[in-house]
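Following: one structure in structure tokens, then a few remarks.
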Amino acid sequence: MKILYVEDDEDIRELFVMKIESKYELDIIETPSKAEALSILNKDPEIKLILSDYNLLDGDAGDFYLQLRKMKLNIPFILFTGEAIEDLDSFKTFFADNKLNAHVSKPPVGNSLFDSLECAIKAVTPLGIKKTLSQTMEYVKIRTSFFEKINHCPTDVYIKLSETKFVKVFHRDEMCGSEDVRKYIDRGVQHLFINKDEYEHFADFALSSLLSILLTENKLSTTAQTSSVSKLITIHQAVHEKIMNLGFSPELAEATKKAVDITVNMMESNPKLSELLAQMLKGGDYIYEHSMMISYIASAIASNVDWESRDTKIKLAMAAFMHDITLKDHDLAKMVAIDPASVAGMKDEDIEIVRKHPLEAMSLVEKIKELPPDINLIVAQHHESPKGDGFPRGLNHLTIAPLGALFVVAHIFVDYLYRENAFERPNHDPFFAILKKNYLKGNYRKPVEGLFKFFNYTSTGRIGDTN
């Protein structure tokens, strides 16, 4: 079965093509533009499904979708984007147009992308979908062109000669130069294969490789920076998801460090990136997106209290990445306090999961020797409070570590942004008044002042006014 994947970012395309092809036997045709997509559709009537980002190389998917409607091509369409579909005028009748149409947020939440793909494929093909990772399959296919980009083989790599015969062409940890790979591409070999048992190891390496490519990009223009932040969000989320599901591997540890390094680079090149990030993270994965936002707010606070060394920002960004790493339930991740009002109606086991997760995350961090010091402490303290009524240790404004206090301030501010949907408010004075009353003391004072300074808070209660 043929599907058309329209995505302007080559790295993102490769990442998701690899994920899709690792699960399903599909013929995926790729293009970065709506013009080329329309040309392909005109020439190939066998395409049964369209997967498309919103922002394309030559415009947006809104115009692309409307042109499909005019051409009466009622092919199931999966809009795969971080944009909120209710804000897109061209998609007002999207779900009514075809019951198989779907909107999947980018980065995808859980299995939402695969669920939408399976629903459409089962409906449009009599044979349904063939899962290539079933017990009967020994190998997983990877685009040959991808090996040309990574220039290294983390696993043994095979070429398929027949349905039952595979021959090794690259050995584990062997360099696979572009000339070596190109000879297979020139022969029309679209896919090479790896053993299915090594797929996760290969995927970890692939994520790290894509982050390396992003890390080496030159200083970005505003447009390019928007694209790269979007790319980072997607790859960063993939790393985060794999850690939650599979734990750490050496490759994921390296990928995590690279993701944090890129995050810090972007924050240093544009301190106001939190505004852009807020727009790009609407409608996605809460655990991941609030972690990203915390890293930006914490960095902004650090820059406004003279704690702006790169080492400090890396620690804060890494702590943001790791602080909820043991939680998979988004509702539990949204809990900031454990008090009677917050836990009303909750199961005892869920309350215990929330209570323990700071120390469990700290324990995971301490097992990763490559991480810098203090991250474990920040992660363990991210639910403490000035009065000593936080958890898990009940630290107060004098006993919490300074960086721990800074992280708590960033954490509760980001919680407020999501809880109140306050991203686009002209100011945050009511929330800042609460901070002024309850947090402007001890080791919290300096971080709170840094947050106020970042947002130019000068209304009613002045910084330092403790009345």
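Numbered according to my numbering, the sequence shown spans residues 10 to 476.
Here a beta-carbon is modelled for each residue, glycine too, at the ideal position from N, C-alpha and C.
Query, Result
"Bridge partners - E188, DSSP secondary structure assignment", "Looking at the DSSP assignment, E188 forms no beta bridge with any residue, so it has no partner."
"In DSSP terms, what A111 is bridged to", "I87"
"Nearest-angstrom beta carbon gap, V423 and V347 [assumed within contact, 8 Å]", "Note that residue 347 corresponds to Ile in the displayed sequence, not to Val. Wrong, their Cβ atoms sit about 19 Å apart, outside the cutoff."
"Identified DSSP bridge partners for D69", "N64"
"DSSP beta-bridge partners of T489", "The first residue shown for the chain is 10 and the last is 476, placing residue 489 beyond what the model contains."
"Buried or exposed (CB count within 10 angstroms, at least 16 for buried), F156", "buried"
"Selected residue, minimal CA-CA separation from P259, among K192, I151, L449 and S217", "S217"
"Closest by C-alpha distance to F89, when choosing among S312, V176 and V118", "V118"
"Beta-carbon spacing of I310, F104 below 8 Å", "no"
"The segment 431-447 touching the segment 320-334, judged by at least three CB pairs closer than 8 Å", "no"
"Top-ranked residue by Cα proximity to T265, from V113, A328, P411 and F25", "A328"
"R364 - DSSP class collapsed to helix/strand/coil", "helix"
"First and last residue of the uninterrupted beta strand (DSSP E) at Y167", "V166 to K169"
"Environment of R428 [buried if 16+ CB atoms lie within 10 Å]", "exposed"
"Three CB pairs or more closer than 8 Å across the segment 162-170 and the segment 31-44", "no"
"Simplified DSSP state of L404, which is helix, strand or coil", "coil"
"CB contact flag (L126, I56, <8 Å)", "no"
"Beta-carbon contacts of R181 that lie in its chain and below 6 Å, excluding the five residues immediately before and after", "T164 and D165"
"Simplified DSSP assignment, three categories, for N465", "coil"
"Collapsed DSSP secondary structure at E92 in the structure displayed", "coil"
"DSSP state of V15 mapped onto helix, strand, coil", "strand"
"F441 in three-state terms, based on DSSP", "helix"
"One or two residues paired with L58 in a DSSP bridge", "I12"
"Test item: CB-CB of S121 and V133 under 8 Å", "no"
"Every unbroken beta strand (DSSP E) inside the segment 23-56 [3 residues or more]", "36-40"
"Per-residue burial, Q144 [other beta carbons within 10 Å of its own, 16 or more giving buried]", "Residue placement at Q144 is flagged as unreliable, the pLDDT there being 39, under the threshold of 50; the coordinate-derived value follows with that caveat. It counts as exposed."
"Residue from K174, P381, T102 and H420 whose Cα sits closest to the Cα of Y148", "K174"
"D474 burial status per 10 Å Cβ neighbour count (16 or more: buried)", "Confidence is the limiting factor: at D474 the pLDDT is only 46, short of 50, which leaves the residue's position unreliable and the question unanswerable from this model."
"Best match in P54, L66 and F25 for proximity to E45 [C-alpha to C-alpha]", "L66"
"Contact belief for V314 with P456 at Cβ below 8 Å, rounded distance in angstroms", "6 Å"
"Close Cβ partners of I49 (< 8 Å) along its chain, the five nearest in sequence each way excluded", "L13, I38, T40 and I56"
"Contact under 8 Å by Cβ, N405 with G397", "yes"
"H210 - DSSP class collapsed to helix/strand/coil", "helix"
"Bounding residues of the alpha helix (DSSP H) (the contiguous stretch that carries H339)", "H339 to A342"
"Length of the line joining the Cα atoms of D479 and G68", "Here the chain has residues from 10 to 476 only, and residue 479 is not among them."
"Residue interval of the beta strand (DSSP E) (run including Y148)", "Y148 to R152"
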